[in-house]
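So the mapping is simple: this note's numbering equals the position in the first sequence, first residue as 1, plus 483. Here a beta-carbon is modelled for each residue, glycine too, at the ideal position from N, C-alpha and C. All values derive from a computational prediction rather than experimental measurement.
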Amino acid sequence: MPELPEVETIVRDLRQDIVGRTIMAVRFLNRTIWRRGAPAKRLLIGARISSLERRGKNILIILSNGRVMIVHLKMTGRLTYQGSSDQMRKHTHLVIDLDFGQIRFNDTRRFGYLDLVRPDEIDRLDYLSVLGPDALFISREDFVMMVRSKKRIIKSLLLDQSILAGMGNIYSDEALFVAGINPRRVSASLSRERAGRLHQAMIAVLNKAIGARGSSMNDYVDARGEKGSYQDQRLVYGREGQPCKKCGRKIKRETIGSRSSHFCASCQR
DNA sequence: GACAACCTGACC
DNA sequence: GGTCAGGTTGTC
Numbered sequence: 484m485p486e487l488p489e490v491e492t493i494v495r496d497l498r499q500d501i502v503g504r505t506i507m508a509v510r511f512l513n514r515t516i517w518r519r520g521a522p523a524k525r526l527l528i529g530a531r532i533s534s535l536e537r538r539g540k541n542i543l544i545i546l547s548n549g550r551v552m553i554v555h556l557k558m559t560g561r562l563t564y565q566g567s568s569d570q571m572r573k574h575t576h577l578v579i580d581l582d583f584g585q586i587r588f589n590d591t592r593r594f595g596y597l598d599l600v601r602p603d604e605i606d607r608l609d610y611l612s613v614l615g616p617d618a619l620f621i622s623r624e625d626f627v628m629m630v631r632s633k634k635r636i637i638k639s640l641l642l643d644q645s646i647l648a649g650m651g652n653i654y655s656d657e658a659l660f661v662a663g664i665n666p667r668r669v670s671a672s673l674s675r676e677r678a679g680r681l682h683q684a685m686i687a688v689l690n691k692a693i694g695a696r697g698s699s700m701n702d703y704v705d706a707r708g709e710k711g712s713y714q715d716q717r718l719v720y721g722r723e724g725q726p727c728k729k730c731g732r733k734i735k736r737e738t739i740g741s742r743s744s745h746f747c748a749s750c751q752r
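Below you can see the structure in the form of structure tokens.
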């Protein structure tokens, strides 16, 4: 699925394309994608899109009537804006007609979900309030303290959204490679210096990936239906058996915390 | 921490 | 046929 850079790219695109537009009609093609059942259409129709926000991997669409639509794309979700006449893809579950163009939510595997909440609910939602600080904005000091205070396999810790929001499998592997840290290392065993290096690597990788408009390994496309290009510059993810870009030895793939992990056993200690 | 579950599709 | 996939949640 989309990780932080992909979600950030979609949010930035949609800010350009749909802020100020008015919802004219809504089509629920599949009601099961709503976390708590499909909302009344009158809560959406007539509202204007005021702004967009990202919280971890969640997309928040704030409406002029105060309601907030929350979208999580999970593995194969797509949130796109296009002309109303564009051909409808298979697995499109929601269509929102705007005064110009339309928003579509498409999700092959149907792991993704939507929610529509009242403004007063937003800060009490369990699935948002559980999120840790955003991976892109956590300070070096806080990051180092967090890493060294937990006794967790570092790869799993990076993926834990309640500790750090936004990191996913690709960018965790990439950041650990850049920092030269073995994914199996226990977080508390890292020196301040190495934990700081990981913080720096993580933010550099995320920003580079945002610059490349995300990674399109399989399904990901941005809000305009275009692929990202970070997959062309990844250093370890999906490169099992290929030469390490630093030392030339073969990149390994092992399962860590039931996620596949890619790393160089020689460069990452 | 390990694993199954939620789903579909691509690939071997 | 089996395996794997950018995620998360719930159960041992």
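Subject >> Status (buried if at least 16 other CB within 10 Å, exposed otherwise) for P726 >> reply: An exposed status is given to P726, since fewer than 16 other beta-carbon atoms sit within 10 Å of its beta-carbon.
Original post:
What's the gap between the Cα of Y713 and the Cα of R722?
Top reply: Using only the alpha carbons, I get a separation of about 14 angstroms.
**OP:** Would you list, in sequence order, the uninterrupted alpha helix (DSSP H) runs of no fewer than 4 residues that lie entirely inside the stretch 485-521?
**Re:** Segments of the alpha helix (DSSP H) lying fully in the stretch 485-521: 487-501.
**OP:** Pull up the distance between the alpha-carbon of L581 and that of P485, whole angstroms please.
**Re:** Between L581 and P485, the alpha-carbon positions lie close to 25 angstroms from each other.
**OP:** Along the beta strand (DSSP E) that carries I542, what are the first and last residues, could you check?
**Re:** For I542, the enclosing beta strand (DSSP E) starts and ends at 541-546.
Original post:
So, is C750 buried or exposed, given that buried needs 16 or more other C-beta atoms within 10 angstroms?
Top reply: With 16 or more other Cβ atoms within 10 Å, it is buried.
Subject >> CA nearest to the CA of E536, picked from D643, N548, G724, V490 >> reply: Selection D643, N548, G724, V490 evaluated against E536 yields V490 as nearest (Cα-Cα).
Subject >> V554 classed as buried or exposed, judged by whether at least 16 other C-beta atoms fall within 10 angstroms >> reply: Here V554 is buried. Its C-beta has 16 or more other C-beta atoms within 10 Å.
**OP:** Provide the residue(s) that pair with P616 in DSSP beta bridges, ordered along the chain.
**Re:** BP columns for P616 are empty, so no partner.
Subject >> Extent of the continuous alpha helix (DSSP H) run through N454 >> reply: Nothing in the structure corresponds to residue 454, since the chain is present only between 484 and 752.
**OP:** Put F746 into one of helix, strand or coil per three-state DSSP.
**Re:** DSSP places F746 in strand when its eight states are reduced to three.
Original post:
On the three-state DSSP scale, how would you describe N701?
Top reply: In the displayed model, N701 falls within coil according to three-state DSSP, outside both helix and strand.
**OP:** Give a yes or no on contact between the stretch 582-598 and the stretch 511-523, applying the rule of three or more CB pairs nearer than 8 angstroms.
**Re:** In short, these stretches touch, since the Cβ pair count reaches three.
Subject >> Reference Q644, options H574, S632, S612, L526, closest by Cα >> reply: Selected option, being the one with the closest Cα: S612.
Original post:
Smallest Cα separation from G663: which of T563, H745, G560?
Top reply: For the residues T563, H745, G560, the minimum Cα distance to G663 belongs to H745.
Original post:
Which stretch, first to last residue, makes up the alpha helix (DSSP H) that contains I686?
Top reply: Segment 675-694, the alpha helix (DSSP H) holding I686.
Subject >> Collapsed DSSP secondary structure at F626 in the structure displayed >> reply: Of the three classes helix, strand and coil, the one that applies to F626 here is helix, per DSSP.
Original post:
Would the beta-carbon of G615 fall within 9 angstroms of that of A648?
Top reply: It is a contact, given that the beta carbons lie within the stated cut-off.
**OP:** Count the other CB atoms, across all protein chains shown, that sit within 10 Å of the CB of K540; report buried if there are 16 or more and exposed otherwise.
**Re:** With 16 or more other Cβ atoms from the protein chains shown falling within 10 Å of its own Cβ, K540 counts as buried.
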